[in-house]
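Notes for the one structure printed next.
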């Protein structure tokens, strides 16, 4: 899965704004049902299964809410499993439709840089990064994260060590948001930015942490046996 973020682009903030703003941070317990606050305004945009222009409904609804909301209202657009046949009609995969939608969404984000942000997810099993649509989706996005689950055989063959939760997949930072229209800051098709990261999904949380390869089978025992060697036991 690739998470594509299209965040707001701001030229800069004043000193007063920087001091008054606080980081956006939430912790969710995955074992509990997420309750929607009574004052929350969540709008679900239905998709027509036979629409020739499947993305027009999203663009029209987004534009309507931006125009009718009070000034300063923050809008967050979430588009899950983009182009997945389980949710989207067949015409959504046509390049003229999806590329037109991404270009239009970037234009709307440019018009509302401080009140609108968007996040899209793409299933890599259906739309690899090496495909034409996959590359264009990254080019037209500001930030890209790739989540690659480990094979089931690897999860079953290695148990958690030292009480630590076993990593279930790799996290690669493919692109970071920067303030240019070209969306620079990418790592290319076969590269990644920063250190190796892994994600862990447990009953209670989803976490990302640094990743290191587990020791090879038998390596731990060999190190323990080798720890007792003395200088006179080593021959040259």
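Numbering (full-length UniProt numbering), first residue to last: 1 to 236. Beta carbons: idealized from backbone N, C-alpha and C, even for Gly. Since this is a predicted model, take the numbers as computed values, not measurements.
Report yes if the CB atom of residue 213 is closer than 9 Å to the CB atom of residue 172, and no otherwise.
In the chain shown, counting from the first residue as 1, residue 213 sits at position 213. In the chain shown, counting from the first residue as 1, residue 172 sits at position 172. No; because the gap between Cβ atoms is not below 9 Å, this pair is not in contact.
Only counting the same chain, and skipping five residues up and downstream in sequence, which positions put a Cβ closer than 6 Å to that of residue 58?
On the chain shown, residue 58 is found 58 positions in, with the first residue counted as 1. 45, listed in sequence order.
Less than 7 Å between C-beta atoms, sequence neighbours within five positions excluded: which residues of the same chain meet that for residue 39?
Mapped onto the chain shown, residue 39 falls at position 39. Taken in chain order, the list of residues that qualify is empty.
Compute the Euclidean distance between the alpha carbons of residue 81 and residue 92, then round it to the nearest angstrom.
The residue you call residue 81 lines up with position 81 of the chain shown. The residue you call residue 92 lines up with position 92 of the chain shown. So the two alpha carbons sit approximately 12 Å from each other.
Using beta-carbon positions only, say whether residue 85 and residue 133 come within less than 9 Å of one another.
Locating residue 85 in the chain shown gives position 85, where the first residue counts as 1. Locating residue 133 in the chain shown gives position 133, where the first residue counts as 1. Cβ distance not < 9 Å, so residue 85 and residue 133 don't count as in contact.
By DSSP, does residue 195 sit in helix, in strand, or in coil?
Reading the chain shown from its first residue, position 195 is the one you call residue 195. Reduced to three states, the DSSP call for residue 195 is strand.
Give the DSSP bridge partners of residue 238, in chain order.
A question about residue 238 goes unanswered here, because the residues of the chain that appear run from 1 up to 236.
In this structure, how does DSSP classify residue 72 when only helix, strand and coil are distinguished?
In the chain shown, the residue the question calls residue 72 occupies position 72. The answer is coil: DSSP assigns residue 72 none of H, G, I, E or B.
Closest by CA to residue 108, which one among 31, 65, 195?
The count along the chain shown starts at 1 and reaches residue 108 at position 108. Nearest of 31, 65, 195 to residue 108, Cα basis: 65.
From this set, 122, 125, 83, 79, which residue's C-alpha is nearest residue 105's C-alpha?
The sequence position of residue 105 within the chain shown is 105, counting from 1. Comparing Cα-Cα distances from residue 105 to each of 122, 125, 83, 79, the minimum goes to 79.
Classify residue 202: buried if its beta carbon has 16 or more other beta carbons within 10 angstroms, exposed otherwise.
One-based indexing of the chain shown puts residue 202 at position 202. Taking every protein chain shown into account, the CB of residue 202 has fewer than 16 other CB atoms within 10 angstroms, so this residue is exposed.
Between which two residues does the beta strand (DSSP E) holding residue 208 run?
Mapped onto the chain shown, residue 208 falls at position 208. 206-210 is the span of the beta strand (DSSP E), which, as asked, contains residue 208.
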